[in-house]
Amino acid sequence: MKILLGVHQFFPHHYAGTERYVLNLARQLQHIGHGVHVLTYDMVRRGTAVLGETGLRMHEYVHEGIPVTALHHPEFPDFDFGLRDAPFEDAARALMRRHGIELYHCAHPFRVGGSVFAARELGLPVVLMLTDYWLLCPMGILRRSDNVLCEGPDGGANCTRHCYTGGTMERFARRAADAEDLAAAADVLLSPSRFLISVFRYNDFAHAGRIRHAPHGFDYSLVQGIHEHRLDPDAVTLGYIGTIQYHKGVHVLVEGFRRVEAPNLRLKVWGGSFHEQQYEKKVRAAAAGDPRIEFLGPYAHDALRQVLEQVDMVVVPSVWYENAPLTITSALAAGVPVIASDIGGMAEFVQDGINGLLFRMGDAEDLARRIDEIAREPMRIEQLREGIAPPPGLEEEAFRMERLYKRLLRDRAHPEQTKEDVSRSLAPGPL
22 MKILLGVHQF FPHHYAGTER YVLNLARQLQ HIGHGVHVLT YDMVRRGTAV LGETGLRMHE
82 YVHEGIPVTA LHHPEFPDFD FGLRDAPFED AARALMRRHG IELYHCAHPF RVGGSVFAAR
142 ELGLPVVLML TDYWLLCPMG ILRRSDNVLC EGPDGGANCT RHCYTGGTME RFARRAADAE
202 DLAAAADVLL SPSRFLISVF RYNDFAHAGR IRHAPHGFDY SLVQGIHEHR LDPDAVTLGY
262 IGTIQYHKGV HVLVEGFRRV EAPNLRLKVW GGSFHEQQYE KKVRAAAAGD PRIEFLGPYA
322 HDALRQVLEQ VDMVVVPSVW YENAPLTITS ALAAGVPVIA SDIGGMAEFV QDGINGLLFR
382 MGDAEDLARR IDEIAREPMR IEQLREGIAP PPGLEEEAFR MERLYKRLLR DRAHPEQTKE
442 DVSRSLAPGP L
């Protein structure tokens, strides 16, 4: 099977969760004998070859054995609202023809949404993975510019009031219609969390009923041979693993931790701030004077095992609706309990009192209460560790996807079936 995976950005310059999902899936599909190619957008502008009348630039390369085609416009268009892009659609269609693609799996439609329409026009089966809220929200994370959480666009009223002042309702109506058309072009819509599905239903997204739950697999090679951190009740170590950005809530963690004066606590913070250096400075300033808090900077992805070996619990204090946080999956895969905010996918993956603890999102005092519980009763960590159910592995996910792909290709032979028929054939429950 010749499969094209699409994503809004990719390695080596971009390496967040969605990019890693694509890389992992591509490797696994290759391993079980399929031809895999990645289509992405080139924000670094490395492309020099001009693609005919489209005017787009193309850069082709291989990353860890995966062939990649990166496209970009001579001048970047309006990505937030430009879901339809004729030049990109033409270029994607030509790429699919050139490589004899049989199925298209788009892991994120931002910047590359035109490829979904291109695949549909070629009659290819299309799988669309929803890893955030971008089809609903131009910002992608349902968080207003004043850092207050948003329940949804409300037909664009919330967007014009809080994030895109000066924008017209007609503009948002067009975007919403394009988003629904994009979803309609896919045979199957997937989400790694049930929470995301509920958000689309709450916002009356036309195709919310077709979204199926498909949990991401974890790369267990990253924690293979991990040495369980021996719990020392006199030196309990909490860890933060991620990026130091406002929506990740590191300020809540530092404030909550400092409110607990227990001498047996330690906090280790791993991560860089990217473009939010001022925020990192504020977080470090808030931690200054507390010798129990240590900032260790970014870590290499293949050093995850060494990081997790140093902590007793991982804290995920995000102040937005995380969908399927890789940090939580990583910790649970390594047998490390989690303290997390009580919203979004965090509350879905962390069961309070079973494999971790939950606290009120953004509430440093409530986080301090949960941390204090651990400081007073460190052996509770061992009880939480016993409650962890290992997440699915990459191999399981790849075989599940392969099964879906084969089903879609078989259904192609029966064009009388509708997308609703295909979705019903996959229900109930996760793929």
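The sequence shown begins at 22 in the numbering used here and counts up one residue at a time. Every residue gets a Cβ at the ideal spot worked out from N, C-alpha and C, and that includes glycine.
Top-ranked residue by Cα proximity to residue i, from the options
i: residue 76; options: 82, 375, 113 and 209; result: 113
i: residue 340; options: 23, 416, 217 and 274; result: 274
i: residue 399; options: 259, 343 and 311; result: 259
i: residue 435; options: 146, 134, 105 and 362; result: 146
i: residue 335; options: 37, 66 and 354; result: 354
i: residue 192; options: 205, 220, 177 and 183; result: 177
i: residue 48; options: 24, 314 and 364; result: 24
i: residue 395; options: 423, 285 and 149; result: 285
i: residue 30; options: 53, 56, 86 and 90; result: 90
i: residue 236; options: 411, 320, 310 and 56; result: 411
i: residue 417; options: 183, 239 and 378; result: 239
i: residue 326; options: 277, 369 and 246; result: 246
i: residue 267; options: 41, 102 and 383; result: 383
i: residue 332; options: 357, 142, 128 and 62; result: 357
i: residue 379; options: 407, 397, 43 and 349; result: 349
i: residue 64; options: 132, 290, 43 and 265; result: 132
DSSP-derived helix/strand/coil call for residue i
i: residue 69; result: coil
i: residue 211; result: strand
i: residue 380; result: strand
i: residue 190; result: helix
i: residue 234; result: strand
i: residue 288; result: strand
i: residue 315; result: strand
i: residue 321; result: coil
i: residue 148; result: strand
i: residue 99; result: coil
i: residue 432; result: helix
i: residue 170; result: strand
i: residue 121; result: coil
i: residue 421; result: helix
i: residue 134; result: coil
i: residue 196; result: helix
i: residue 56; result: strand
Separation of residue j from residue i, as counted between CA atoms
i: residue 187; j: residue 181; result: 7 Å
i: residue 431; j: residue 58; result: 21 Å
i: residue 200; j: residue 288; result: 42 Å
i: residue 81; j: residue 425; result: 28 Å
i: residue 428; j: residue 50; result: 16 Å
i: residue 324; j: residue 243; result: 8 Å
i: residue 154; j: residue 296; result: 22 Å
i: residue 84; j: residue 415; result: 19 Å
i: residue 166; j: residue 94; result: 27 Å
i: residue 172; j: residue 60; result: 32 Å
i: residue 301; j: residue 293; result: 8 Å
i: residue 26; j: residue 372; result: 33 Å
i: residue 189; j: residue 175; result: 13 Å
i: residue 272; j: residue 306; result: 10 Å
i: residue 125; j: residue 205; result: 14 Å
i: residue 130; j: residue 79; result: 18 Å
i: residue 249; j: residue 148; result: 39 Å
i: residue 265; j: residue 37; result: 14 Å
i: residue 449; j: residue 276; result: Confidence in residue 449 is poor, its pLDDT being 38 and thus under 50, which makes the residue's placement unreliable; the coordinate value appears in the next sentence. About 43 Å.
i: residue 413; j: residue 46; result: 13 Å
i: residue 202; j: residue 214; result: 23 Å
Where the beta strand (DSSP E) through residue i begins and ends
i: residue 81; result: 78-84
i: residue 127; result: 124-127
One or two residues paired with residue i in a DSSP bridge
i: residue 302; result: None; residue 302 has no bridge partner.
i: residue 87; result: 84
i: residue 334; result: 259
i: residue 350; result: DSSP output for residue 350 lists no bridge partner at all.
i: residue 61; result: 28 and 91
i: residue 239; result: 414
i: residue 362; result: 380
i: residue 269; result: DSSP output for residue 269 lists no bridge partner at all.
Near the ligand FMN: residue i beta-carbon under 7 Å from a heavy atom
i: residue 52; result: This structure lacks the ligand FMN; in fact it carries no ligand of any kind.
Opening and closing residue of the alpha helix (DSSP H) in which residue i lies
i: residue 339; result: Per DSSP, residue 339 belongs to no alpha helix (DSSP H) and is neither H nor E.
i: residue 392; result: 385-397
i: residue 42; result: 38-52
i: residue 375; result: From DSSP, residue 375 is part of no alpha helix (DSSP H); its letter is neither H nor E.
i: residue 180; result: 178-183
i: residue 165; result: Segment: none, residue 165 is in no alpha helix (DSSP H) and carries neither H nor E.
i: residue 403; result: 401-407
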